[in-house]
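In our numbering, the protein residues as written are 2 to 157.
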């Protein structure tokens, strides 16, 4: 959520700073500079907010993808590999922790039928403990255990 808040704030700053930025970029005009700060500082601030918003927004999108598919970064790489192995074998891979996008969202914020908090806590920057004890996690019952058998060519 922190990265989402930061990228949203950067988008708002760039939106509100667009007019002063365009005025600062117009160096040939005879208009007086109406702001207290120098033109370069205003221009640099808007460019920096755009760059930070783009970078942090990209990271936020990646982490939202991971959260909504019930994966960590390492699990995503492992699941991608296992998905390819299953595809070669003609089988279907399923992540054992995935309850679907809505179910994963509800579990992430500990709301909904399995949760213990009201829905509006997902919008607030509150510390909400996760479902479970942090060592064991809910399983969807659709998990896939890859059986390598005696063939070592597919070993990870």
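Beta carbons: idealized from backbone N, C-alpha and C, even for Gly.
- A straight-line Cα-Cα distance of about 12 Å links residue 4 and residue 126.
- In the displayed model, residue 132 falls within coil according to three-state DSSP, outside both helix and strand.
- In the three-state reduction of the DSSP assignment, residue 78 falls in the helix class, which pools H, G and I.
- Bounds of any alpha helix (DSSP H) do not take in residue 96, whose DSSP letter is neither H nor E.
- Residue 102 and residue 68 have their alpha carbons spaced roughly 9 Å apart.
- For residue 26, the uninterrupted alpha helix (DSSP H) segment begins and ends at 19-26.
- Beta-bridge pairing by DSSP links residue 112 to 118.
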